[in-house]
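Residue numbers (full-length UniProt numbering): 1 to 588.
Beta carbons are placed, not taken as given, at the ideal position from N, Cα and C, and that holds for glycine.
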């Protein structure tokens, strides 16, 4: 019936009439039909019409075997209470928010014959379902105070005030609607400790230690030329100090190691030979191509100095360099470190090489092989240690976000890792990625800007809501200025950009399409791959969406029909997937 919205398992499937195929003589599982008005009239009876016959219909009953074209119509309705279900955050996107309808005067349990199912979420334990307007078990503060925006329980509130009250699904419901929220306990808790290398000139290192993981596996590698690390202790010198048990798994309640604790390195001197220089020699020889065998490349891990000269080396199909004669150079290659950290390391090593040439009185054009040999044969351990500290703790390997399930192939783990390794996407200060969180317009523009290499801008954008006061981060303002100058975004008619508004899926596709140069793409009926995207609908960026789908950048939501859901908000993992696919397809 066109006056009703149709819902299935909490998700809206249509407004008005809805057609689909059902196997003959099979039963239809239950749909909910409600009017879109304030009273939310819920269908409580259905009429079946086919071949001139009319009868009442109950969900779960098989259709007559002689039924061909069947029409189901609502016969009556009653006022209902909408139960809005939040699984992942206090503020859900339309794509993840669920809605169930309960006749007023009844309970959720009596209407559906069950409660809501528990929710599985990586690195968390499900606590229950909560109504945020309810008081806690002591009748004091509301449940809302116990959870952060991502529905993770605040342990300090629990320790101080007791526990919140779970929702009773046998409660009689009246009124327009209620919100139910899943509550979780964060099992990926961490403490932050400090490692002090305990020798002159060495910087202290702040390290996050996650509960449930072996401590030693979470510690960075710390080296000192001419010495072997004995262990980490609570005191730099005295014998009464406790040693950090690196074979033990970190725990909470009590915390081990204790939050904020400082651990000091103890060292044993090595014999006085060239092994004192190994740390610097390792860093000098890392990441050079040491073998070119029929297009396959071997990269030095620092274990030797077998450097190779060659005119042209193709890495990932691209010329790394092409020089001739006396200008032949050595080729460097990133084997998988985060791009920004790798670039920083290479820049630091270039500076160190310049200083070493002066220190060892080498020619300015001396190559890495010459420098390596001079360091190994002439540089003192003390000097080597000074230079090596400039190269320490720069490289960053793969991300380890506790809220990203790396074993789930549907969670865009590879895309998140790729974007992190490229230095385009970063996590939050608490170590999480923000999985499931919505993306703001400014965040998506910043990601595009970093993907383009963060080019310099000549001037700032003229949007009235983009100033140093409204957007304090200079990189963010530069990104918006770059996007405006390159016609990736034009803002709104009132002269604003709305940096913190959530970006819709179709707008994200449009930004990528424009960043790719707005390539020619002909829309026709054959390109109608989504039921909710009509070719030629420029107001909803149909060309950009269909181009992006044709190039494998965006995908839809499967079901009885394939939808793109262009007006839905983009979640962080989906935005990472969009951009990763575009970059890997050489569209950006």
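* Asked: Roughly how many whole angstroms lie between the Cα atoms of residue 110 and residue 79?
  -> 16 Å
* Asked: Hey, quick one: how far does the alpha helix (DSSP H) through residue 420 stretch, first residue to last?
  -> 413-421
* Asked: In terms of residue numbering, what span does the alpha helix (DSSP H) encompassing residue 206 cover?
  -> No alpha helix (DSSP H) holds residue 206; the beta strand (DSSP E) holding it covers 205-210.
* Between residue 580 and residue 588, which are expected to be in contact by the criterion C-beta below 8 Å, what is the C-beta distance as a whole number of angstroms? -> Not confirmed; about 10 Å, so no contact.
* Can residue 4 and residue 35 be called in contact, C-beta distance under 7 Å? -> yes
* Should residue 568 be labelled buried (16 or more other beta-carbon atoms within 10 Å of its own) or exposed? -> buried
* Asked: The beta strand (DSSP E) with residue 15 in it runs from where to where?
  -> 11-15
* For residue 5, which residues does DSSP report across the bridge? -> 15, 34
* **the segment 493-512 touching the segment 442-450, judged by at least three CB pairs closer than 8 Å** => yes
* Taking residue 154 as the reference, which of 178, 127, 171 has the closest Cα? -> 127
* Residue of 176, 236, 190, 214 minimising C-alpha distance to residue 199 -> 236
* Short Cβ contact (7 Å threshold) for residue 338 with residue 396 -> yes
* Could you tell me the boundaries of the alpha helix (DSSP H) in which residue 476 lies? => 474-485
* Residues near residue 334 in its chain [Cβ-Cβ closer than 8 Å; skip 5 each side] -> 287, 342
* Closer than 8 Å by C-beta to residue 70: which residues in its own chain qualify, once you throw out the five before and the five after it? Chain order, please. => 22, 48, 49, 50, 63
* In three-state terms, what does DSSP make of residue 176? -> coil
* **Stretch-stretch touch, CB-based, cutoff 8 Å, three pairs: the segment 461-469 with the segment 533-542** => no
* **Closest Cα partner of residue 163 within the set 240, 81, 130, 10** => 130
* Candidates 250, 263, 252: closest to residue 229 by CA position -> 263
* Specify whether the segment 373-393 and the segment 454-468 touch according to this definition: at least 3 beta carbon pairs, one from each stretch, less than 8 Å apart. => no
* Asked: Which stretch, first to last residue, makes up the beta strand (DSSP E) that contains residue 193?
  -> 190-196
* Return the residue from the list 26, 85, 121, 106 that minimises the CA-CA distance to residue 98. => 85
* Cβ-based neighbour list, residue 197, same chain, cut-off 8 Å, excluding 5 preceding and 5 following -> 203, 204, 205, 222, 224, 265
* Counting Cβ pairs closer than 8 Å, one from the segment 175-187 and one from the segment 240-249, do we hit at least three? -> no
* Answer with buried or exposed for residue 402, where buried requires no fewer than 16 other C-beta atoms within 10 angstroms of its C-beta. => buried
* To do: Report yes or no: do the segment 87-101 and the segment 51-58 share at least 3 C-beta pairs separated by less than 8 Å?
  => no
* Asked: Are three or more beta carbon pairs between the segment 537-544 and the segment 475-482 nearer than 8 Å?
  -> no
* Inter-residue Cα distance where the pair is residue 272 and residue 227 -> In this prediction, residue 272 scores a pLDDT of 46, lower than 50, which makes its location untrustworthy; no coordinate-derived value is stated.
* residue 512 (DSSP reduced to helix, strand or coil) -> helix
* **Length of the line joining the Cα atoms of residue 464 and residue 511** => 20 Å
* **Nearest to residue 195 (by Cα), restricted to the options 259, 132, 176** => 259
* Asked: Any chance the segment 387-395 sits against the segment 543-554, with 3 or more Cβ pairs inside 8 Å?
  -> no
* With burial defined as no fewer than 16 other Cβ atoms inside 10 Å of the residue's Cβ, what is the status of residue 487: buried or exposed? -> exposed
* How far does the beta strand (DSSP E) with residue 356 in it reach, from first residue to last? -> Here residue 356 belongs to no beta strand (DSSP E); instead the alpha helix (DSSP H) covers 339-359.
* Go to residue 76, then tell me how far its beta strand (DSSP E) extends in each direction, as first and last residue. => 71-86
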